[in-house]
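Everything on this sheet refers to the single structure shown next.
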């Protein structure tokens with residue numbers, strides 16, 4: 010008989026990783042690259058500097074650990090503290106991804122069909138969305154409400170009583186090349202719960218048509234245009250940023266991106282191969298997981314909750330530059346990006362979200378236990394501490 014394999018925890022060695030060596034070696038040069046003697050608003054924000062400094066201590070036993078004791082093998086094990094970084098630490102990002110996906114699949118999402126809606130905002134708005142939480146929250150709210158309105162309208166046309174919807178929204182701040190580009194991944198129950206005499210019943214809806222996706226893009230475009238104009242961000246001149254009431258931190262984001270905070274009304278409607286675009290807002294909804302496909306739901310949650318990059322994507326080239334291999338080639342066929350160490354660290358700096366930024370949120374009509382009459386009620390799932398889009 011073959012001996013049964015026993016899993017054993019093998020501590021990682023972060024100090025031997027490429028990213029750890031880059032940060033520890035080039036951190037001072039990286040910080041100096043943000044200094045500008047002619048501006049009182051220069052310098053690396055405190056929360057970004059702290060993210061990098063805590064990353065250097067992540068997984069290092071000398072920086073702190075907890076001593077664990079195993080009752081089965083009667084052995085002690087020292088587990089180093091983690092930094093719990095929100096952007097630059099691949100280890101903490103991967104662990105958070107796994108925990109989030111497991112929580113959603115085990116405790117939150119029902120075993121029904123699930124569809125992913127992706128909203129990509131205009132290129133010109135990425136700086137404003139990165140630094141203004143209220144602008145990003147408005148875009149989340151407008152998009153999720155528009156999806157729910159389409160689902161409930163279809164359900165009422167089918168004669169379903171009191172249709173209820175559910176969704177989880179993930180906010181990703183990055184592209185595959187580590188450029189900052191806040192966009193939304195919304196995992197929507199692909200149908201509605203109808204309140205019937207025998208209890209709630211889930212009814213699947215047909216796939217959204219191009220007309221449906223265009224309606225979503227138009228709704229978000231019109232509402233965002235109105236909101237930005239009312240808030241003073243929608244301007245036609247290049248001095249819009251200077252006239253807007255931006256704090257020094259917000260100016261750091263937008264100035265570094267060198268993009269005006271305005272929409273491009275010239276881009277109205279564009280039908281792409283996989284998405285529909287209106288006014289720069291692109292909507293995609295081709296990814297769907299069928300009922301009963303637990304593994305598929307888990308893969309989709311892992312994808313939506315993924316960190317910007319993994320350690321195994323990094324390589325050092327012969328000339329000292331950093332090579333990031335892309336998981337999938339870009340549209341132009343590019344399979345990797347090559348940057349100097351400081352350029353690479355600067356890209357990571359833009360991805361660090363400000364404190365109290367929304368990472369993911371829920372908005373749903375959840376089911377009460379059967380002992381309570383299986384009634385439907387509106388609100389965030391009690392297992393979530395993140396606010397729903399309607400409250401932001």
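Residue numbers (my numbering): 10 to 401. Backbone N, C-alpha and C define an ideal beta-carbon position, used for all residues, glycine too.
What whole-angstrom Cβ distance do residue i and residue j have, given they're in contact under 8 Å?
i	j	result
residue 146	residue 367	6 Å
residue 171	residue 203	7 Å
residue 233	residue 325	Their Cβ separation, rounded to whole angstroms, is 42 Å, which puts residue 233 and residue 325 out of contact at 8 Å.
residue 193	residue 128	4 Å
residue 334	residue 322	5 Å
residue 354	residue 39	4 Å
residue 308	residue 185	The pair is not a contact, with the Cβ atoms about 18 Å apart (cut-off 8 Å).
residue 130	residue 290	6 Å
residue 160	residue 117	No, residue 160 and residue 117 are not in contact; Cβ-Cβ is about 18 Å, not under 8 Å.
Tell me which residue opens and which closes the alpha helix (DSSP H) that residue i is part of.
i	result
residue 79	That residue, residue 79, is in no alpha helix (DSSP H); its beta strand (DSSP E) goes 74-79.
residue 5	Residue 5 is absent from the structure shown; the chain starts at 10 and stops at 401.
residue 92	No alpha helix (DSSP H) contains residue 92, which DSSP labels as neither H nor E.
residue 324	It is not in any alpha helix (DSSP H) - residue 324 instead sits in the beta strand (DSSP E) that spans 323-325.
residue 310	303-313
residue 32	27-41
residue 351	350-360
residue 7	There is simply no residue 7 to check, as the chain begins at 10 and stops at 401 in what is shown.
residue 64	55-66
How about residue i and residue j: do their beta carbons lie closer than 8 Å?
i	j	result
residue 226	residue 292	yes
residue 57	residue 331	no
residue 96	residue 357	yes
residue 294	residue 126	yes
residue 100	residue 20	no
residue 37	residue 301	no
residue 288	residue 230	yes
residue 316	residue 31	no
residue 28	residue 206	no
residue 303	residue 177	no
residue 69	residue 87	no
residue 174	residue 157	yes
Grab the span of the beta strand (DSSP E) containing residue i for me, first residue to last.
i	result
residue 85	84-89
residue 290	290-298
residue 333	331-334
* **Continuous beta strand (DSSP E) assignments of at least 3 residues falling wholly in the segment 160-223** => When DSSP assignments are scanned along the segment 160-223, the uninterrupted stretches of beta strand (DSSP E) that are 3 or more residues long and fall wholly within it turn out to be 175-183, 189-198, 200-205 and 208-213.
* **Continuous alpha helix (DSSP H) assignments of at least 4 residues falling wholly in the segment 117-145** => Counting whole runs of 4 or more residues, the segment 117-145 contains the alpha helix (DSSP H) stretches 135-140.
* **Segment contact, 8 Å Cβ cut-off, at least three pairs: the segment 104-114 with the segment 76-88** => no
* Does the count of Cβ pairs from the segment 340-357 and the segment 207-218 closer than 8 Å reach three? -> no
* Inspect the CB distances between the segment 61-73 and the segment 27-36 and report whether three or more fall short of 8 Å. => yes
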